[in-house]
């Protein structure tokens, strides 16, 4: 079984927010056929310009996107615009009942909050965005001291590099700790101590 | 003073190999004007397709590339093709006398080796590419146990995620440990303990 992992990207998305998890899901089970994850990007337009000018051509648009099993919403300065973009927020809302897992990295949590997907849950975000998350998700328990917060279907992570750990945690959760450890080892991510 | 940081990309470049350092150099001194680093990508063609299908439009081609002060060569499966591509290898060779620092991540070291830039130096690479590096760089001391190896002008790193540490080390080397620590803090890269 291959799970589809869609990563939503947009102008001023933070580069490591989306590329860290892209790497983790992309190299997991890299010698298996079929691979456990099919990772791809999706955006409202093409190309998008990530932070500091990295230009990316998304694999899919919102309209033609291969149905994800896992949807990951990264952060970055652009989330302050996209959290008020009804096209994006409604698309995230529409995906929610259809996905197995909804993940966010960094200020991607603001978008999940605006979509109402954090109501009654616990969440984290970049340390600099605590007040914004409290405003975007007023019915959410904010846990700034945790690197990622797992509510079952919704998992949020702290800022930027924490997305790597959250993705490894998710791999371990779905496929077992040994698989996550193998991914971390291949990435020479010596800091991963399992879960 | 702003240093230009060019990151060479190519088909089947490993995503985190180039995006990790891109993030580090890109966010360093993010509130300063001018910023200490201007980071961009350069490739032989456009677009390039990184590992697992990430499509990137490089900022520059080899012909029109803004002269870098720092050139970073990432790794990935594509290095086994590009290390035998005289256009790329000659471009790297031509850059060497003009740059302040030449960096590699992962199997990017194979390309520096083929360009003759590791002769008489010490280097490291991805743990799975030790034999290939010994062949590509026969006059080089291979140090597989180190996360990055600094020879002064040439710094190589171990696999994939080690590029983040090598980039933070380089920031600290150029701008001081406090600046590198601030970058790691902003990225919530709690694993960085300084140097």
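Protein chains in written order, with my numbering: chain A, 375 to 569; chain B, 375 to 569.
Built from N, CA and C at the ideal position, the CB exists for glycine as well.
Residue nearest to residue 447 (chain B) in terms of C-alpha spacing, selected from B:428, B:384 and B:505: Position 73 of the second chain holds residue 447 (chain B). Checking every option, the nearest Cα to that of residue 447 (chain B) belongs to B:384.
Identify the continuous alpha helix (DSSP H) that holds residue 330 (chain A) and give its terminal residues. This structure gives no information on residue 330 (chain A), because the portion of chain A shown stretches from 375 to 569.
State yes or no: is the C-beta of residue 452 (chain B) within less than 9 Å of the C-beta of residue 386 (chain B)? In the second chain, residue 452 (chain B) corresponds to position 78, counting from 1. In the second chain, residue 386 (chain B) corresponds to position 12, counting from 1. Yes. Within cutoff.
Partners in chain A for residue 536 (chain B), counting only beta-carbon separations shorter than 7 Å: Here residue 536 (chain B) is taken as the residue at index 162 of the second chain, counted from 1. Per Cβ cutoff of 7 Å: 562.
Of the residues that make up the region 380 to 404 of chain B, which ones have a beta carbon closer than 7 Å to any beta carbon in chain A? 389, 390, 393, 394, 396, 397 and 400
Just how far apart, CA to CA, sit residue 525 (chain B) and residue 554 (chain A)? Within the second chain, residue 525 (chain B) is the residue found at index 151, counting from 1. Within the first chain, residue 554 (chain A) is the residue found at index 180, counting from 1. Going by the C-alpha atoms only, they are around 34 Å apart.
At a Cβ threshold of 9 Å, is residue 549 (chain A) touching chain B? The count along the first chain starts at 1 and reaches residue 549 (chain A) at position 175. Cβ-Cβ to chain B under 9 Å: no for residue 549 (chain A).
Checking contacts by CB at 9 Å: is residue 408 (chain A) closer than that to chain B? As a position in the first chain, residue 408 (chain A) is number 34, starting the count at 1. Closer than 9 Å: no.
Alpha carbon to alpha carbon, what distance is there between residue 511 (chain A) and residue 488 (chain A)? Taking the first residue of the first chain as position 1, residue 488 (chain A) is located at position 114. Taking the first residue of the first chain as position 1, residue 511 (chain A) is located at position 137. Answer to the nearest angstrom: the Cα atoms are 7 Å apart.
Quick one: is residue 532 (chain B) near chain A, going by C-beta distance under 9 Å? For the purposes of this step, residue 532 (chain B) is taken as the residue at position 158 of the second chain. Chain A contact via Cβ: present.
I need the straight-line Cα distance from residue 380 (chain B) to residue 477 (chain B), nearest angstrom please. Within the second chain, residue 380 (chain B) is the residue found at index 6, counting from 1. Within the second chain, residue 477 (chain B) is the residue found at index 103, counting from 1. Just so you know, the alpha carbons of residue 380 (chain B) and residue 477 (chain B) end up roughly 10 Å apart.
Residues of chain B with CB closer than 8 Å to the CB of residue 430 (chain A), please, in chain order. Walking along the first chain from the start, residue 430 (chain A) turns up at place 56. Within 8 Å Cβ-Cβ: 428, 429, 430 and 431.
Proximity winner among A:494, A:467, A:539 and A:464, relative to residue 480 (chain A) (alpha-carbon distances): For the purposes of this step, residue 480 (chain A) is identified with residue 106 of the first chain, where counting begins at 1. When each option's Cα is compared against that of residue 480 (chain A), the closest is A:539.
As assigned by DSSP and simplified to three states, the class of residue 446 (chain A): Taking the first residue of the first chain as 1, we reach residue 446 (chain A) at position 72. Reduced to three states, the DSSP call for residue 446 (chain A) is strand.
Report buried or exposed for residue 390 (chain A), applying the criterion of at least 16 other Cβ atoms within 10 angstroms of its Cβ. Position 16 of the first chain holds residue 390 (chain A). When all chains shown are included, residue 390 (chain A) counts as buried.
Within 9 Å of any Cβ in chain B, is that where the Cβ of residue 435 (chain A) sits? If you number the first chain from 1, residue 435 (chain A) lands on position 61. With 9 Å as the cut-off, residue 435 (chain A) does not count as an interface residue toward chain B.
Please confirm if residue 553 (chain A) has its CB atom under 9 Å from at least one CB of chain B. If you number the first chain from 1, residue 553 (chain A) lands on position 179. The beta carbon of residue 553 (chain A) does not come within 9 Å of any beta carbon belonging to chain B, so the residue lies off that interface.
Roughly how far, in whole angstroms, is the beta-carbon of residue 493 (chain A) from the beta-carbon of residue 464 (chain A), given that I think they are within contact range, below 8 Å? Looking up residue 493 (chain A) in the first chain gives position 119. Looking up residue 464 (chain A) in the first chain gives position 90. Rounded, the Cβ-Cβ distance is 16 Å, inconsistent with contact.
State the beta-bridge partners of residue 484 (chain A) as determined by DSSP. If you number the first chain from 1, residue 484 (chain A) lands on position 110. None, per the DSSP bridge assignment.
How close, in whole Å, do the beta carbons of residue 537 (chain B) and residue 394 (chain B) come, if the pair is a contact with beta carbons under 8 Å? Here the question's residue 537 (chain B) lines up with position 163 in the second chain. Here the question's residue 394 (chain B) lines up with position 20 in the second chain. Between residue 394 (chain B) and residue 537 (chain B) the Cβ distance is about 5 Å, and since that is below 8 Å, they are a contact.
Partners in chain B for residue 421 (chain A), counting only beta-carbon separations shorter than 7 Å: For the purposes of this step, residue 421 (chain A) is taken as the residue at position 47 of the first chain. What residue 421 (chain A) touches in chain B: 431.
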